[in-house]
Amino acid sequence: MLNLIPRPTNQAILAYFTRPDRDLNHRLIAQIRDGYLHAAVSAASEAAVQSYMRVSRYQPHLDAAVFVPHPGPSASAKHGTRYLHLDWWPVGQGLFSTGAIVTENGPRFNWIYDCGTTSADRLLTDAIADAHRQRSSLGVSVIDLAVLSHFDKDHISGFSRLVRSSPIRVILLPYLSPLQRLVLALQQGLSADDAEFGFYVDPVGYLQSLDGGDIGEIIFVLPSSPDDGPPPPPIDPQPDPDGPEELRVKYEPAEPPEDAGDELFEAQANARVRYLKRGGTISIPFFWEFLPYNDASMLPKITKTFRSRASRLVQDMLNMPATRGKTLAKLKALYESVIRGSVDRNLISLFVYSGPVDPAATLKWLGSSQPVGLFGGNIRFAQMYTGDGSIGAGKQLLDFESRYRPYSRLDRAGILQVMHHGAEGNWHAGLASLLNPAASIFSSDPNHKSYGHPHAAVLRDFWPFYPVQVDKKAGLHMVGIF
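Structural data, given as structure tokens:
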């Protein structure tokens with residue numbers, strides 16, 4: 001039985017479940033509803049049924065008893081069992097990942113990490129549509145949190161499509177100064193006439209001006225600093241509070257950085273822009289948290305000489321739209337002369353840890369479309385999103401660990417999206433054993449003419465740690481109960 005509110009009529013149930021090989025009629029439906037038949041079977045919640053139906057697509061012959069609520073210490077007395085939906089969609093050489101938490105009879109929260117591909121555009125179009133249908137089936141009409149990890153033009157294009165497709169409560173972006181963003185645009189060969197160029201000039205104005213877009217607020221994650229202390233502990237996993245079911249995103253804001261005074265959006269009264277406190281978390285009271293990390297070592301290298309000589313050009317770029325093409329050409333010539341012709345790209349990317357605030361939260365069951373090393377009784381179901389980031393040996397690894405080792409967050413992050421599609425330049429030998437993932441996700445097109453990701457050395461390193469290939473055809477879809 002399905003416990004729906006409001007309850008559907010017998011005719012509606014008959015219309016939905018009737019099949020040529022199924023003997024179903026009004027009398028039988030009434031007997032089940034009134035308790036004359038199958039009275040010992042408890043009514044299933046909509047969350048349980050939707051989760052069961054999703055897993056049944058790739059894991060048939062499931063025991064439905066797994067989805068019957070069994071209250072435990074990690075389940076809210078008010079809202080019951082929690083269902084975790086995690087998806088890495090098949091977009092080829094790119095990344096599009098979504099997640100959602102659905103409770104038995106209470107609030108829901110969903111998120112997106114990146115949305116872009118250099119493979120065929122139809123792959124991303126289909127994936128966005130599939131993700132939208134899935135949100136609708138889970139009773140979700142708004143994207144609660146959307147993360148754009150880095151400023152590749154292909155990801156900006158895909159993310160823009162996402163903004164047009166659904167209201168978004170919070171967008172999370174890595175903060176780069178206007179000059180750093182313009183250097184990234186130069187490194188990618190953008191011209192002032194390219195549609196995505198407006199993002200590099202004014203990311204807030206660009207996103208808010210997209211047709212059909214409905215954005216609540218935009219939060220920038222400031223670059224890491226040597227003065228950053230350890231990250232804060234997770235908030236206490238308390239019972240869900242009384243009041244509205246709509247969850248609120250909790251975070252501690254910071255003052256704008258010194259170079260934010262040049263930003264065009266700072267002058268907009270309705271920009272709804274915030275800056276996350278350095279080392280801060282974004283929490284969903286009282287059961288989930290997101291801990292972002294903007295690795296300052298990957299920011300575009302800008303010398304004092306270049307910054308000084310480029311300051312007037314940046315102001316012209318921001319305040320004189322009609323001459324942006326000429327100004328960009330001057331900035332490029334200056335950059336190549338001062339940096340001595342080097343246009344090597346640094347792959348700035350926002351890392352995000354996503355996991356329960358309760359360190360003792362335990363999986364009761366997990367279904368997956370591809371083999372992974374997670375099972376009932378496991379506490380390592382937090383995710384580590386890395387985008388196009390790097391974890392090199394030495395200081396870069398130490399900085400990463402100082403961000404995520406405290407409070408056992410990294411130990412509980414058993415689901416790893418491997419950096420930059422498995423590129424050898426973003427990895428170092430032995431990293432896999434240090435991270436010890438229970439699922440090592442490579443989102444790439446192994447047959448791509450230019451890239452060939454994942455690289456063999458990286459794949460060999462992660463081979464004992466449940467490597468999963470997400471490509472043009474195969475995604476990774478998981479449903480867990482905790």
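For what it's worth, full-length UniProt numbering labels the leading residue of the sequence shown as 1, then goes sequentially.
C-beta: ideal position from N, C-alpha, C; glycine also.
Computed from a predicted model, the values in this text were never measured in an experiment.
| query | result |
| --- | --- |
| Runs of beta strand (DSSP E) lying entirely within the region 243–306, each at least 3 residues, in chain order | 273–276, 282–284, 288–294 |
| Closest by C-alpha distance to Asp461, when choosing among Asn447, Met478, Gly475, Glu424 | Glu424 |
| At least three beta-carbon pairs within less than 8 angstroms, the region 356–366 to the region 393–405 | no |
| Identity of the residue in Lys395, Asn378, Ser390 nearest Ala439 by Cα | Asn378 |
| Closest residue to residue 542 among Phe265, Gly280, Val314, His61 (Cα-Cα distance) | Here the chain comprises residues numbered 1 to 482, so residue 542 is not present and cannot be evaluated. |
| Burial state of Val470 (16 or more Cβ within 10 Å) | buried |
| Nearest-angstrom Cβ-Cβ length linking Thr386 and Phe351, presumed shorter than 8 angstroms | 6 angstroms |
| Under 7 angstroms between C-beta atoms of Leu416 and Met384 | yes |
| Alpha carbon of Ser157 to alpha carbon of Val170, nearest angstrom | 18 angstroms |
| Three-state secondary structure assigned by DSSP to Asp87 | strand |
| Start-to-end residues for the alpha helix (DSSP H) that takes in Ala48 | 46–56 |
| Span of the beta strand (DSSP E), counted from its first residue to its last, around Phe351 | 350–356 |
| 8 angstroms Cβ shell around Gln334 - same chain, five flanking residues per side excluded | Here the sequence assigns Leu to residue 334, which means Gln is not the residue at that position. Same-chain partners within the cutoff: Phe306, Arg309, Ala310, Leu313. |
| When Ala322, Leu176, Glu289 are compared against Val204, the one with the closest alpha-carbon | Leu176 |
| Beta-carbon proximity check, Gln238 vs Phe197, cutoff 7 angstroms | no |
| Own chain partners of Asp411 with C-beta closer than 8 angstroms, once the 5 adjacent residues on each side are dropped | Arg380, Arg405 |
| Of the residues Tyr407, Tyr353, Trp89, the one placed nearest Met478, counting alpha carbons only | Trp89 |
| Best match in Asp214, Ile219, Leu86 for proximity to Phe96 [C-alpha to C-alpha] | Leu86 |
| Segment limits, alpha helix (DSSP H) that includes Tyr407 | Note, Tyr407: premise wrong, no alpha helix (DSSP H); not H, not E. |
| C-alpha gap between Tyr200 and Ala12, whole angstroms | 51 angstroms |
| Terminal residues of the beta strand (DSSP E) in which His155 lies | No beta strand (DSSP E) contains His155, which is instead part of the alpha helix (DSSP H) from 153–165. |
| From Asp388, Gly373, Asp211, residue whose alpha carbon lies closest to that of Tyr293 | Asp388 |
| Continuous alpha helix (DSSP H) stretch holding Glu196: start and end | No alpha helix (DSSP H) contains Glu196, which DSSP labels as neither H nor E. |
| Cβ neighbour criterion (16 or more within 10 Å) applied to Leu37 | exposed |
| Segment contact, 8 angstroms Cβ cut-off, at least three pairs: the region 129–139 with the region 172–188 | no |
| N- and C-terminal bounds of the alpha helix (DSSP H) containing Ile32 | 26–33 |
| Cβ shell of Gln315 (< 8 angstroms), same chain only, five flanking positions each side left out | Asp262 |
| Beta-carbon proximity check, Ile348 vs His150, cutoff 7 angstroms | yes |
| Paired residues, beta bridge with Gly359 - DSSP | According to the sequence displayed, residue 359 carries Pro and not Gly. Pro359 is not bridged to any residue. |
| Unbroken beta strand (DSSP E) run spanning Ile171, endpoints | 168–174 |
| Length of the line joining the Cα atoms of Asp34 and Val55 | 29 angstroms |
| Straight-line Cα distance separating Thr98 from Asn110 | 7 angstroms |
| Coil, strand or helix - Ile391 by DSSP | coil |
| Nearest-angstrom Cα separation, counted from Asn10 out to Glu255 | 58 angstroms |
| Sub-7 angstroms separation of Pro253 and Arg274 beta-carbons | yes |
| Three-way DSSP call (helix, strand, coil) for Phe375 in this model | coil |
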